[in-house]
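J.: Handing you this structure, nothing more for now.
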Amino acid sequence: MYERIKGFGAYGGLTTQSSASECNFVALLAARFEIMKELRQRFPFVEEGLLMSKLIAYCSKEAHSSVEKAAMIAMIKLRILETDSSFRLRGETLQTAISEDRNLGLIPFFVSTTLGTTSCCSFDVLSEVGPVCTHNGLWLHVDAAYAGSAMICPEFRYLMAGIEHAMSFNTNPNKWMLVNFDCSTMWVKDQFKLTQALVVDPLYLQHSWTDKAIDYRHWGIPLSRRFRSLKLWFVIRSYGVEGLQHYIREHVRLAKLFECLLLADEQLFEVVAEVLMGLVCFRMKASDELNQLLLTKLNSSGRIHMVPASLNDRFVIRFCVCYENSTERDIHIAYEIIKQTAISLREPIPEPIAENYELEMEEAEQYDQMMQDKQKNRNSPNVELSKNSSLRRQSIGSTPPLHSQQQPQNLGNSPLAVGIGNEQTLSGHSPSSLTSSTGSDRRRLHTLAEKRSFLVRMVSDPKCYNPKIVRHLNMRAHNQTSAELFRDRTLRQAIQQGSFHQRSSLGAGTSHGGRIGGAGGKAPFSSGKYACMSIDQGSDEDDYSSLYFQNDQNI
344 MYERIKGFGA YGGLTTQSSA SECNFVALLA ARFEIMKELR QRFPFVEEGL LMSKLIAYCS
404 KEAHSSVEKA AMIAMIKLRI LETDSSFRLR GETLQTAISE DRNLGLIPFF VSTTLGTTSC
464 CSFDVLSEVG PVCTHNGLWL HVDAAYAGSA MICPEFRYLM AGIEHAMSFN TNPNKWMLVN
524 FDCSTMWVKD QFKLTQALVV DPLYLQHSWT DKAIDYRHWG IPLSRRFRSL KLWFVIRSYG
584 VEGLQHYIRE HVRLAKLFEC LLLADEQLFE VVAEVLMGLV CFRMKASDEL NQLLLTKLNS
644 SGRIHMVPAS LNDRFVIRFC VCYENSTERD IHIAYEIIKQ TAISLREPIP EPIAENYELE
704 MEEAEQYDQM MQDKQKNRNS PNVELSKNSS LRRQSIGSTP PLHSQQQPQN LGNSPLAVGI
764 GNEQTLSGHS PSSLTSSTGS DRRRLHTLAE KRSFLVRMVS DPKCYNPKIV RHLNMRAHNQ
824 TSAELFRDRT LRQAIQQGSF HQRSSLGAGT SHGGRIGGAG GKAPFSSGKY ACMSIDQGSD
884 EDDYSSLYFQ NDQNI
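Residue numbering for the sequence shown follows this note's numbering, beginning at 344 and increasing consecutively.
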C-alpha cells in the first residue's frame with residue numbers, strides 16, 4: 344500500500360478521524376473550499392451563495408449514507424449514479440453525468456467512490472473513474488472503510504488500481520483490523536488544501552509552537568482529539584504484518600466456504616453479489632416478504648444476527664465473518680441454522696388450530712381456578728398446586744422448563760427447589776412457604792422471559808428501546824387478556840350450541856348498536872365493547888376476525 348500512497352506527493356499528510364463519516368465530510372469541505380476559491384477569482388462580482396448553488400457532487404447508489412448526509416450538511420447538490428451489473432461505478436457513467444450537468448449550468452467538483460460498499464462489498468473501478476476526475480478537475484475521494492484493511496495483503500491490491508488519482512483516502516482499522524472503535528485513518532495528497540478549509544484561529548487558540556509540531560485541530564471538525572494512533576500502534580506491534588494478513592485471509596476463506604454451502608443448495612438459496620472479502624450477500628429463492636420473515640426469525644432466535652440490504656430493489660441478507668477466532672465449524676453451524684429456518688418457512692408444518700384453541704381455553708380456566716384457590720387457601724394447611732399451570736406455560740412457550748419433571752426422592756438438608764414440573768406439595772415443608780416460593784419463582788421466570796424477549800427485540804429493532812412504549816404495550820396486553828378470553832370462550836360456546844342463524848337471517852333483527860334478535864332483544868354477551876355481527880355457518884372455517892365490530896357507544 345505504501346507504494347500506492349506515496350504517490351500523494353511531498354505535500355501529502357495523514358491523520359486519524361472518529362469515523363469514515365467524518366472523513367467523507369472533511370474531504371467534501373476541502374473540495375468545496377478549493378473550488379469556491381477558484382470561482383471567486385473567476386467571478387469576483389458574483390455572490391458566493393449563487394456560486395455555491397451551482398456546485399454538484401457525485402457518488403454511486405451503493406455509496407454509504409454518510410456521503411449523502413455530508414452533502415446535506417455542506418448544502419451541496421448530490422447526484423447519485425447508477426452502477427453496472429456488479430454494483431460498481433464506471434468511468435463512462437461518471438463522464439456522461441458530468442457532461443449533462445455542465446450543459447445545465449452546474450459545476451461538478453467532487454466524486455466519492457467506494458472500495459468495499461456497505462451493501463455488497465463491491466469495488467468502484469478507480470482505473471476508469473480516476474482519469475475522468477483528473478481530466479475534468481474533480482476532487483476524487485476514496486472511501487475504503489471496510490475493505491481498506493485488506494490491502495495489507497498483496498493479492499487484494501489489484502482492487503485499488505487507480506488510487507494515484509485520488510485526492511483523499513480513508514479506511515477504518517476498527518472495522519477489520521482488530522482495533523476498537525473509534526479509529527479511522529485518512530490520507531490527503533495535499534495537506535494544505537485540507538487545513539486551509541478548516542482553519543479557525545482565534546486569539547485564545549494561538550500559541551508559540553505552531554512551527555514546531557503539527558496542529559491537528561486544523562485537520563478535522565473537533566479541536567480536542569483522542570490518542571487513536573496509540574492503540575493502532577499496539578495492534579500492529581502485537582500481531583505484526585504477517586499476523587494481520589493471516590487474520591484477513593482466514594476471514595475471506597471462511598466467507599468463500601459459506602458461499603460454497605449456499606451454492607450447493609441451489610434450490611433454496613442464491614448468492615446475489617460476488618464474494619471478494621468477508622461479506623456474503625444471499626437470499627432465499629422466494630419473495631422479498633419471505634426473505635424479510637426469514638431474517639426476522641433468525642434475529643429473534645438469538646442464535647445469529649444479520650443485517651439486510653437492498654440490491655436492485657431486491658431484499659438480500661448480509662452474512663459477514665467478524666469474529667477474530669472464527670472456524671469452519673462456526674460457518675457450518677450458522678449455515679445449518681439458516682437452512683433449517685428457511686426450510687420451515689417454505690414448508691410450514693400445519694398446526695391443529697381447533698385443538699390448540701380448545702386446549703388454550705381449558706388451560707386458561709384451570710389457571711384462573713388455580714389463582715383463586717391460591718388466594719382462598721393461603722392460610723390453609725393443605726395447599727395443592729396444579730401441574731396444568733406449568734403445562735400452560737410450556738405450551739404457550741413463554742418460559743422453557745428449567746427443572747426435571749421427576750419428583751426429588753430425598754431432599755435432606757438441601758434448599759427447597761421449586762420450579763416447573765415440581766409444583767406438588769413437598770413433604771417436610773410448610774404449605775405457606777411452598778406457596779410463596781412457587782409464586783416468587785413463577786414471577787421470576789416470567790420476568791426473565793420478558794427480559795430475554797425484550798433484549799432480542801432491542802437488538803433486532805432499536806426503536807423498541809423505549810421504556811414508555813414497552814410499558815404501555817405490556818399493560819394493554821395484560822388488561823385485554825381476561826376480557827378477550829371471556830369473549831372468545833362465550834362465542835365458541837354459542838357457535839357450538841347453534842345459537843345463531845344463517846347470515847341472511849340476521850339482517851332484520853340486527854340493530855345499529857350490534858343487538859341481535861327481535862325488538863329490544865340482544866345476545867347475552869353483546870353488551871360492552873364488542874358485539875356479535877354475523878356468522879356464516881356455511882363456511883368450513885371459523886373466521887373469528889369477522890365476528891366483532893366496535894360498539895358505537897364505546898368508541
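Even glycine gets a Cβ: it sits at the ideal position worked out from N, Cα and C.
Looking at the strands, I want to know which residues DSSP matches up with His484.
T.: According to DSSP, His484 bridges with Ser455 and Ser511.
J.: Taking the Cβ atom as the reference point for each residue, do Ala406 and Thr457 lie within a distance shorter than 7 angstroms?
T.: Their beta carbons are under 7 angstroms apart, which means Ala406 touches Thr457 by this criterion.
J.: Below 8 angstroms, how does it come out for the region 588 to 599 and the region 666 to 677: are there three or more Cβ pairs, yes or no?
T.: The answer is yes - the region 666 to 677 touches the region 588 to 599, with three or more Cβ pairs under 8 angstroms.
J.: When the Cα atoms are used, what is the spatial distance from Asn479 to Tyr401?
T.: Distance between the alpha carbons of Asn479 and Tyr401: 13 angstroms.
J.: If you reduce the DSSP assignment to three classes, tell me which class Pro387 lands in.
T.: Looking at Pro387 - three-state DSSP - the assignment turns out to be coil, as it is neither helix nor strand.
J.: Using DSSP's beta-bridge definition, name the partner residues of Met415.
T.: Its beta-bridge partners do not exist; DSSP assigns none.
J.: Mind reading off the beta-carbon distance from Lys574 to Asn634? Whole number of angstroms is fine, and I expect it under 8 angstroms.
T.: With 8 angstroms as the limit, Lys574 and Asn634 do not qualify as a contact, their Cβ atoms being about 39 angstroms apart.
J.: Which residue from Val531, Ile506 and Leu636 puts its Cα closest to that of Tyr354?
T.: The shortest C-alpha separation from Tyr354 is found at Val531.
J.: Check the DSSP bridge columns for Met627 and list the partner residues they point to.
T.: In the DSSP output, where bridge partners are listed per residue, Met627 has Phe612.
J.: Below 6 angstroms CB to CB, which residues in the same chain sit around Asp804 once its five sequence neighbours on both sides are set aside?
T.: Summary for Asp804: the model assigns pLDDT 47, below 50, so the residue's position carries little reliability; its value from the coordinates is reported in the next sentence. So the list is empty, once near-sequence residues are dropped.
J.: Nearest by alpha-carbon distance to Ala487: which of Arg385, Leu502, Pro387 and Cys476 is it?
T.: Comparing Cα-Cα distances from Ala487 to each of Arg385, Leu502, Pro387 and Cys476, the minimum goes to Leu502.
J.: Helix, strand or coil: which one does DSSP assign to Arg858?
T.: For Arg858, the predicted structure reports a pLDDT of 37, less than 50, and the residue's modelled location is therefore unreliable. The matter cannot be settled from this model.
J.: Taking 7 angstroms as the threshold (C-beta atoms), are Arg375 and Ala417 in contact?
T.: Yes, the pair counts as a contact, with Cβ atoms nearer than the cut-off.
J.: Using a Cβ-Cβ cutoff of less than 8 angstroms, which residues in the same chain neighbour Glu671 once the five nearest sequence positions on both sides are dropped?
T.: Only Leu597 and Leu600 meet the Cβ criterion.
J.: State buried or exposed for Gln715, treating a residue as buried only when at least 16 other CB atoms are found within 10 Å of its CB.
T.: Counting Cβ neighbours within 10 Å, Gln715 comes out exposed, since fewer than 16 surround it.
J.: Could you spell out the range, first to last residue, of the beta strand (DSSP E) harbouring Trp530?
T.: Ser527 to Val531 is the extent of the beta strand (DSSP E) around Trp530.
J.: Of the residues Glu609, Ser551, Leu638 and Lys536, which one's Cα is nearest the Cα of Lys380?
T.: Nearest of Glu609, Ser551, Leu638 and Lys536 to Lys380, Cα basis: Lys536.
J.: Buried or exposed: which applies to Ala363, given that a residue is buried once 16 or more other Cβ atoms fall within 10 Å of its Cβ?
T.: Ala363 is buried by the Cβ-count criterion.
J.: Buried or exposed for Thr639, please, with buried defined as at least 16 other CB atoms from any protein chain shown within 10 angstroms of its CB.
T.: Thr639 is exposed by the Cβ-count criterion.
J.: What did DSSP end up calling Tyr678 once you bin it into helix, strand or coil?
T.: Helix, per DSSP.
J.: For Asp427 and Ala556, what's the separation of their Cα atoms in angstroms?
T.: Their backbone Cα atoms lie some 46 angstroms apart in a straight line.
J.: When you compare each of Cys603, Met649, His561 and Ala652 to Thr358 by their alpha carbons, which one comes out closest?
T.: Of the candidates Cys603, Met649, His561 and Ala652, the one whose C-alpha sits nearest the C-alpha of Thr358 is His561.
J.: For Cys402, does the three-state DSSP call read helix, strand or coil?
T.: Residue state, collapsed to three classes: strand.
J.: Taking the C-alpha atoms as reference points, what is the distance between Leu398 and Trp576?
T.: Looking at the two C-alpha atoms, the distance is approximately 40 angstroms.
J.: Determine the burial state of Gly583: buried for a count of at least 16 other Cβ atoms within 10 Å of its Cβ, exposed for fewer.
T.: Its Cβ having fewer than 16 others within 10 Å, Gly583 is exposed.
J.: Do Leu566 and Leu615 come within 7 angstroms of each other at the CB atom, strictly closer than that value?
T.: One detail in the question is off: residue 615 reads as Val in this sequence, not Leu. Not a contact, by the Cβ cut-off of 7 angstroms.
J.: Ends of the beta strand (DSSP E) at Lys420?
T.: Residues Lys420 to Leu424.
J.: Name the DSSP beta bridge partners of Thr359, please?
T.: For Thr359, which the question treats as bridged, DSSP gives the partners Thr528.
J.: Rounded to whole angstroms, how far is the Cβ of Gly563 from the Cβ of Leu587, which I believe are closer than 8 angstroms?
T.: With a Cβ gap of about 26 angstroms, Gly563 and Leu587 do not count as contacting.
J.: Return helix, strand or coil for Ile660, following the three-state DSSP convention.
T.: Strand.
J.: Distance check for Phe368 and His550, CA to CA, integer angstroms please.
T.: Rounded to the nearest angstrom, the two C-alpha atoms are 28 angstroms apart.
J.: In this structure, what does DSSP give as the bridge partners for Ala652?
T.: Note: Ala652 sits in a beta bridge opposite Val659.
J.: Can the beta-carbon of Arg445 be found less than 7 angstroms from the beta-carbon of Glu471?
T.: Contact: no.
J.: Nearest to Leu604 by alpha carbon, out of His589, Ser630 and Ile681?
T.: Comparing Cα positions, the closest option is Ile681.
J.: Given a cut-off of 7 angstroms on the beta-carbon distance, is the pair Met649 and Phe658 in contact?
T.: No, the Cβ-Cβ distance between Met649 and Phe658 is not below 7 angstroms.
J.: In angstroms, rounded to a whole number, what distance separates the CA positions of Leu393 and Tyr489?
T.: Rounded to whole angstroms, Leu393 to Tyr489 spans 37 angstroms at the Cα level.
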